[in-house]
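Accompanying notes for the structure given below.
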Amino acid sequence: MKRLNRLQKALALAVGTVAAAAAVAGQAIAAPPSSDPGTMQPQVVGGTRAAQGEFPFMVRLSMGCGGAMYADNLVLTAAHCVNSTGNNSSITATYGDVDLQGSSRVTRTSNYVYRNPGYSTSTGGDWALIRLSSPITGAAKLKIATTTEYDSGTFTIAGWGAASEGGAQQRYLLKAQVPFVADSSCKSAYPSLKSAVEICAGYSQGGTDTCQGDSGGPMFRRDNANAWIQVGIVSYGEGCARPNYPGVYSQVSALSSAIAAKATELGGGSTTTPPTTTTQPPNGRVFENANNVNIPDAGAAIYSDVAVSGISGNAPSTLKVDVDIKHTYRGDLVIDLVAPDGSAYRLKSSSTSDSADNVLATYTVNASSEAANGTWRLKVQDTYAQDTGYIDNVKLTF
Ligand code: ARG
182 MKRLNRLQKA LALAVGTVAA AAAVAGQAIA APPSSDPGTM QPQVVGGTRA
232 AQGEFPFMVR LSMGCGGAMY ADNLVLTAAH CVNSTGNNSS ITATYGDVDL
282 QGSSRVTRTS NYVYRNPGYS TSTGGDWALI RLSSPITGAA KLKIATTTEY
332 DSGTFTIAGW GAASEGGAQQ RYLLKAQVPF VADSSCKSAY PSLKSAVEIC
382 AGYSQGGTDT CQGDSGGPMF RRDNANAWIQ VGIVSYGEGC ARPNYPGVYS
432 QVSALSSAIA AKATELGGGS TTTPPTTTTQ PPNGRVFENA NNVNIPDAGA
482 AIYSDVAVSG ISGNAPSTLK VDVDIKHTYR GDLVIDLVAP DGSAYRLKSS
532 STSDSADNVL ATYTVNASSE AANGTWRLKV QDTYAQDTGY IDNVKLTF
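So the mapping is simple: my numbering equals the position in the sequence shown, first residue as 1, plus 181.
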C-alpha cells in the first residue's frame, strides 16, 4: 500500500541523506553515472514522483542519461551523453514506465547515433539523436519548440538522475518545476554561457534542479494549445540545486531546424502528432473536454465541463463517460457526473486501499431521465492529503 510505503520511504531518506552527504559533490558535465535502479530515494533536489503516464515521452538511456521521444524511432538527447556519430548498437532505451523495472516498460536497442558535430564550438548546441533499431510504434512524442515564444515562464523537468548532488540514480521518474532565468543573470554564474544556444532555469535560492543522470532529458512546458513542448535539453550545472547556480539547458528553439533536418534524414520525419480523428460510434455523438484541470489535494471539488448541443430529447440509458485522470493515488478520488439540471451520478467512490495511479475508465450511466442538451460536468474531489493529480480528459458519448 502506497501510504505505508511513503513512511518507509521517509525512513529510507533519513539513511540515504547520510550517504549522499558523504559522497563527492557532482561535477558539471561529468561522465554520467551508470544507472542503479535498485537504489531509491523519495525526493531530494526538490522533486516528487511523476505519475504513470504523466510524461509518456520520457526515455531512460542505458549510459545513464535521459531523453525524449522525437519520433517512433528517434530519441532526442544531449551530445555529451554520446561519444560520436555513427553506427552504434550499444545503447538501450527504456520507455513507457515511470518505474525502470515496471511491467509497462518497453526497451529498444540503438542502431545509430548522431552527435551534433558543432557541439564543442562556441556556438554549438548540446544535442544528439539516437535511432532505435526498431520503432516504438505509436509512442508518445514530445514536440520541440521552433520559436522563442515559450522560452520563458515556468518549466517542468523530469528524470531518473541523482536526487541530490552526488546522490544515487533513481528507479522512479522524478519531476519538478523551475523558473526561467535570463541569460544576463545566468552569465554571472556561468561567464562562458553560450547564450545563443543555451537557456537557464532554477531558483536563485537553489533547492530544485536537474542533476547527474538527468542529462539529455527534456525541459518542457505547456504551449498555447495546452500541449507539452520541449524548450530545453538537460546539459550542465555547477553541482546541483546550489543557490545562484541555475541549471543550463540546450535552447531547443535555436536548434530545432537542425534537429528536424537531421531527424528527417534518419527516417524520423516530423514530430507533429496527426490530428486525433474523433470517430463517431454508431448512433453515438461524442463531446469532450481535453483541458486539464488540477485537483487540489484534500480540497474542494473541481469540475471539467462538457457542453452538449444538437441532440433532441433525453440522454440515453447507456451514456458513456470516458474519464482520464492522472493521479498518484486514485483511491483519494470521488468522481461524479453532474447532469445539466444538477443531478449527480456517482461514478467512483474513494477507497483507502486502492493505491494505484490514475483513473482511466469508461463508466456507463443510465441518464434517460435527463435532457441531453446543456452543460454536463465531471466533478472530482480529492479526499485525502498527500497525493495529487489532474483531470486530463473527459468524454461523453450519447
Ligand atoms: N551533466 C549532467 C549529466 O550528465 C547534468 C547536469 C545537470 N546539472 C544541473 N545542475 N542542472 O547528467
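Just so you know, even glycine gets a beta-carbon here, dropped at the ideal spot from N, CA and C.
All figures in this text were calculated on a predicted structure; none of them were measured in a lab.
What's the C-alpha gap between residue i and residue j?
i	j	result
residue 268	residue 294	6 angstroms
residue 187	residue 509	Confidence is the limiting factor: at residue 187 the pLDDT is only 37, short of 50, which leaves the residue's position unreliable and the question unanswerable from this model.
residue 270	residue 291	5 angstroms
residue 438	residue 447	14 angstroms
residue 207	residue 445	With a pLDDT of only 30 at residue 207, under 50, the local geometry of the prediction cannot be trusted, and the value read off the model is given with reservation. Their backbone Cα atoms lie some 36 angstroms apart in a straight line.
residue 378	residue 364	11 angstroms
residue 219	residue 243	Bear in mind that the predicted position of residue 219 carries a pLDDT of just 34, short of 50, making it unreliable; the figure below should be weighed with that in mind. C-alpha separation (whole angstroms): 14 angstroms.
residue 623	residue 262	Since the displayed the chain opens at 182 and closes at 579, residue 623 lies outside it and no answer follows.
residue 390	residue 442	31 angstroms
residue 276	residue 341	12 angstroms
residue 587	residue 540	Residue numbering for the chain in the displayed model covers 182 to 579; residue 587 lies beyond these limits and cannot be assessed.
residue 387	residue 360	11 angstroms
residue 239	residue 245	13 angstroms
residue 585	residue 231	Any answer about residue 585 is impossible in this case: the structure gives the chain only from 182 up to 579.
residue 565	residue 483	15 angstroms
residue 333	residue 568	28 angstroms
residue 538	residue 371	40 angstroms
residue 302	residue 516	55 angstroms
residue 282	residue 304	39 angstroms
residue 494	residue 466	14 angstroms
residue 210	residue 398	Residue placement at residue 210 cannot be trusted, given a pLDDT of 29 that sits under 50; what the coordinates show is reported in the next sentence. Going from the Cα of residue 210 to the Cα of residue 398 covers about 14 angstroms.
residue 506	residue 478	14 angstroms
residue 573	residue 331	22 angstroms
residue 547	residue 513	25 angstroms
residue 560	residue 525	9 angstroms
residue 134	residue 440	Residue 134 lies beyond the stretch modelled for the chain, which goes from 182 to 579, so this question has no answer here.
residue 468	residue 543	14 angstroms
residue 329	residue 311	25 angstroms
residue 212	residue 449	Summary for residue 212: the model assigns pLDDT 30, below 50, so the residue's position carries little reliability, and this model does not support an answer.
residue 356	residue 229	6 angstroms
residue 408	residue 249	15 angstroms
residue 280	residue 274	13 angstroms
How far does the alpha helix (DSSP H) with residue i in it reach, from first residue to last?
i	result
residue 416	Per DSSP, residue 416 belongs to no alpha helix (DSSP H); it is in the beta strand (DSSP E), 409 to 417.
residue 379	No alpha helix (DSSP H) holds residue 379; the beta strand (DSSP E) holding it covers 379 to 382.
residue 433	433 to 446
Need the endpoints of the beta strand (DSSP E) that residue i sits in, please.
i	result
residue 469	467 to 470
residue 355	355 to 362
residue 571	570 to 578
residue 486	483 to 489
residue 252	246 to 252
residue 294	287 to 296
residue 371	That residue, residue 371, is in no beta strand (DSSP E); it is neither H nor E in DSSP.
residue 311	309 to 313
residue 275	273 to 276
residue 258	255 to 258
Name the one or two DSSP bridge partners that residue i has.
i	result
residue 428	382
residue 527	517
residue 543	503
residue 395	Partner(s): none; residue 395 has no beta bridge.
residue 562	515
residue 475	571
residue 331	DSSP, once it has assigned bridges, lists no residue as partnering residue 331.
residue 557	487
residue 242	246, 274
residue 402	410
residue 508	570
residue 339	356
residue 552	495
residue 268	293
residue 229	356
residue 325	411
residue 596	The chain is shown only over 182 to 579; residue 596 falls outside these bounds and no answer can be derived.
Could you give the C-beta distance for residue i and residue j, rounded to a whole number, given that I count them as a contact under 8 angstroms?
i	j	result
residue 233	residue 278	7 angstroms
residue 431	residue 575	Actually they are not in contact, since the Cβ atoms of residue 431 and residue 575 sit about 36 angstroms apart, beyond 8 angstroms.
residue 553	residue 492	4 angstroms
residue 497	residue 401	That belief does not hold up - the Cβ atoms of residue 497 and residue 401 are roughly 40 angstroms apart, past 8 angstroms.
residue 429	residue 345	Not really, about 19 angstroms apart at Cβ, beyond 8 angstroms.
residue 489	residue 528	Residue 489 to residue 528, Cβ: 17 angstroms. No contact.
Kindly examine the ligand COA and report whether one of its heavy atoms sits closer than 8 angstroms to the Cβ of residue i.
i	result
residue 508	The model on display carries the ligand ARG but not the ligand COA.
Establish whether the CB of residue i and some CB of chain B are separated by less than 9 angstroms.
i	result
residue 411	Among the chains in the structure shown there is no chain B, since it carries only a single protein chain.
Requested in this report: Answer yes if the segment 386 to 403 comes into contact with the segment 273 to 289, meaning at least three C-beta pairs across the two stretches below 8 angstroms, and no otherwise.
Outcome: The answer is no - the segment 386 to 403 does not touch the segment 273 to 289, with fewer than three Cβ pairs under 8 angstroms.
Report task. Could you say if the segment 372 to 388 and the segment 250 to 258 meet the contact criterion of at least three C-beta pairs nearer than 8 angstroms? Result -> Taking a contact to require three or more Cβ pairs closer than 8 angstroms, the segment 372 to 388 and the segment 250 to 258 do not qualify as touching.
Query raised in the report: Within the chosen definition, does the segment 470 to 488 reach the segment 330 to 338 through at least 3 CB pairs nearer than 8 angstroms?
Result: The segment 470 to 488 vs the segment 330 to 338: no contact.
**Report entry** Any 3 or more C-beta pairs closer than 8 angstroms across the segment 317 to 325 and the segment 417 to 425
**Finding:** The answer is no - the segment 417 to 425 does not touch the segment 317 to 325, with fewer than three Cβ pairs under 8 angstroms.
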